[in-house]
Every structure is written in structure tokens, then in C-alpha cells.
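Participant: Start counting the sequence shown at 1; every next residue gets the next number (full-length UniProt numbering). The beta carbon of each residue, even a glycine, is placed where N, CA and C say it ideally should be.
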Amino acid sequence: MKRALILSGGGARGAYQAGVLRYLEEIQFKPDIICGTSVGAITATAMGCGMNSAEITKLWKSIEAKKVMRYSIWNDLVDIFVKSYSPLTDTTPLKNLLYSHLDFRNLRKNPTEVIITAVNILTAELVFFRNKEIDIEHVMASSAIPMFFPWQYVDGKPHWDGGVMANTPILPAVERGATDIVVVLLSPVGGIDMGLPKTRREGIERVFELSLIGSYQTVMSNLNFEKKRGRGRNLNFLLFYLFQVRIDPSSKSERLALELLWDLEVFLTFPKCKRTI
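Next comes the structure, spelled out in C-alpha cells:
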């Protein structure tokens, strides 16, 4: 019996994962495989490097937009006048912060299999990176949100956020024989009243939200199809997900969430909430 932990992408909501990790430690759930995409790749790599939930919580509390990203209005002006592509932010500070916290030597020695995803921009291929090859550039590539963050070069090839093609990377775990799978989804699973967007910004946020939900639903539909064909009958899933898009600080239903710290516009902006984890 193999256990797997799946950590999806979702911008600032990655902080929610630290609360779930604390709970999993309490029930002594120890995964044999950890798969992560985007912000989930950061958490997955941190776990692979030997960090526990308390240390990962501390890492998340140090990740604030003003400290780890530089917004450049100059890039916007360059786009207007020369029509070239340039991202909105410089993530070098984030790269330096992660590098100072993550011990990749521990990751390479860890028997727990860690898999993170990214997208090769030139070939439109989803690629997977594993323990022995993962370094800081792989983590940055997996979390390079298109348009907002600069693409990252891995082996001379440009890569973007793995969430573009696989925001909930369950299949690598299934292919490796995992039967007990915990999924941490950084969005609702659908079937809730989200209301109509009232502004352009809310519209963009909604598209982002639907992409997160759609990624999970697509994967689960494929797995259910395989079950009907007689495959994957022994799969057991435990799902953690956010019940609300905008978290109510007074809501007890979100007790696993901790303070959301990033404040970058649109994709990374979510109301702050504080929770004991």
C-alpha cells in the first residue's frame, strides 16, 4: 500500500497547505509520494527537504509580496512602446528566500518520492522533475505564473507554471502505485454559488478560480472512467479543499487555513484571514 500527498496550485492560498500538513502529522499520515504544482511545488519540495509543518508555516509567513517580488511599472511601459513581452514582477527575491530555506541535499537523499511539474513553453509539454534533479530553478519554474512571473530556464529551456496543464497532479502518483491519496485543493470543488463578477478584476479572478476547479474535476473524471473500465478500483481519496473563495475570518469551517500573506493584484490577492494551526 502506497500513500500519496497531492498539493495543487493556487497562488497565496498555498498557505492553507501548511495547516493541512499539521493535521496530517497529527494523524501520522506519512506519504510515500508527494506531488506538487505551482505553489504546491514549493510546499512539496520543502517537505522533501525535511521541513515539518511548523517550519513550513514559518516559511510561508516569511513569504510576503513586498519582500519576495519586485513589481515593475517600467516593464509595462516597455510593453506599450516596443510591444515586447515582459512579466509584471521580478521574483529574484523569492528565489533567494527559498534557496536560503531549502536544503536540496536532503531532498536528494530522501526516500520519499517528490515530483513537481512545469510546462515547456516551446514544446507545450508537461514535464516532471524528481528528487535527484530538483533544484531551485525547477521550483521556480513550477511556480512561474504566466504573465505575472518571468519564465524560468531549466537545462536551457523556458518553462512556466505546471498548473497551466496539471494543477492537481494526481496521475503521477497513481502511475506509481499509490492507493491512499490525500489531495489538498486550493479552491472549492464546484457546486457553490459564486455569483456574477461585477468588475473586470473579479472576472479575471473567476477565470482563475474556474481553471483551478476544472483541473481537479478533469482528473477525477478520468480516474472515474478508469474505474468503470476495471482499473483503479482500490484507490482511496481524502480531499481537503477551500469551502469559500473569499474566506470569512469568523468562519469556523476554515480552521485549517492560516494567514494569507501575498497581496499581488488579481491572481495573488485574497482577503487576509488568521487561523490557529
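Are the beta-carbon atoms belonging to GLY9 and THR37 less than 8 Å from one another?
Facilitator: Closer than 8 Å, so yes.
Participant: Which runs of the alpha helix (DSSP H), 4 residues or longer, sit entirely within the stretch 102-187?
Facilitator: 104-109, 136-142, 171-175
Participant: Along the chain, where does the alpha helix (DSSP H) containing GLY40 start, and where does it finish?
Facilitator: Under the DSSP assignment, GLY40 falls in the alpha helix (DSSP H) whose first and last residues are 39-48.
Participant: For THR45 versus VAL139, is the C-beta spacing smaller than 8 Å?
Facilitator: yes
Participant: I need the straight-line Cα distance from PHE128 to MET47, nearest angstrom please.
Facilitator: 17 Å
Participant: In the DSSP assignment, find the alpha helix (DSSP H) that holds ILE27 and state where it starts and stops.
Facilitator: ILE27 -> no alpha helix (DSSP H), and no H or E assigned at all.
Participant: So, using beta-carbon positions, are HIS159 and ALA124 closer together than 8 Å?
Facilitator: no
Participant: What residue does the alpha helix (DSSP H) around LEU59 start on, and which one ends it?
Facilitator: Taken as a continuous stretch (DSSP letters only), the alpha helix (DSSP H) holding LEU59 covers 53-62.
Participant: Select from LEU185, PHE149, SER143 the residue whose C-alpha is nearest the C-alpha of MET90.
Facilitator: Met is not the amino acid found at residue 90; the sequence shown has Asp there. ASP90 has its Cα closest to that of PHE149, out of LEU185, PHE149, SER143.
Participant: What is the DSSP secondary structure of THR199, counted as helix, strand or coil?
Facilitator: coil
Participant: Which first and last residues belong to the beta strand (DSSP E) in which LEU235 is found?
Facilitator: That residue, LEU235, is in no beta strand (DSSP E); it is neither H nor E in DSSP.
Participant: Can you list, in chain order, the residues of its chain whose CB lies under 7 Å from that of ILE121, leaving out five sequence neighbours each side?
Facilitator: TRP151, PRO158, HIS159, TRP160
Participant: Sort out for me which residues DSSP pairs LYS2 with in a bridge.
Facilitator: ALA178
Participant: If you check the beta carbons only, do VAL219 and LEU185 fall under 8 Å apart?
Facilitator: no
Participant: Whole-angstrom Cβ separation of TYR99 and ILE136, contact assumed at under 8 Å?
Facilitator: Right, the Cβ-Cβ distance comes to about 5 Å (below 8 Å), so this counts as a contact.
Participant: I'd like to check one pair, GLY14 with GLY50: are the Cβ atoms closer than 8 Å?
Facilitator: No, they are not a contact pair.
Participant: Taking TYR153 as the reference, give the member of ALA141, ILE145, GLY162 with the closest Cα.
Facilitator: ALA141
Participant: So, at 6 Å on beta carbons, what are the nonlocal neighbours of LEU7 in its own chain, with the 5 sequence-adjacent residues on each side left out?
Facilitator: GLN17, GLY36, GLY40, THR43, ALA44, VAL184
Participant: For GLY19, does the three-state DSSP call read helix, strand or coil?
Facilitator: helix
Participant: When you compare only the Cα positions, how much space is there between LYS198 and ARG206?
Facilitator: 11 Å
Participant: When you compare each of TYR23, ILE34, SER53, ASP103 to GLU175 by their alpha carbons, which one comes out closest?
Facilitator: ILE34
Participant: With distances taken from CA atoms, which of GLU113, LEU97, ASP103, ASN52 is nearest GLU26?
Facilitator: ASN52
Participant: Taking the alpha carbon of LEU223 as the reference point, which residue from THR168, HIS101, MET1 has its own alpha carbon closest?
Facilitator: For LEU223, the closest alpha carbon among the candidates THR168, HIS101, MET1 is that of THR168.
Participant: Take GLU202 and list the residues in its own chain whose beta-carbon comes closer than 7 Å to its own, dropping the five residues that flank it on each side.
Facilitator: none
Participant: Grouping DSSP H, G and I as helix and E and B as strand, with all else coil, what is THR89?
Facilitator: The three-state reading of DSSP puts THR89 in strand, counting E and B together.
Participant: Taking ALA166 and SER215 to be in contact with their CB atoms under 8 Å, please state how far apart those CB atoms are, rounded to whole angstroms.
Facilitator: 7 Å
Participant: Per the DSSP calculation, GLY9 is bridged to which residue(s)?
Facilitator: DSSP output for GLY9 lists no bridge partner at all.
Participant: Considering only the beta carbon of each residue, do PHE237 and ILE181 sit closer than 8 Å?
Facilitator: yes
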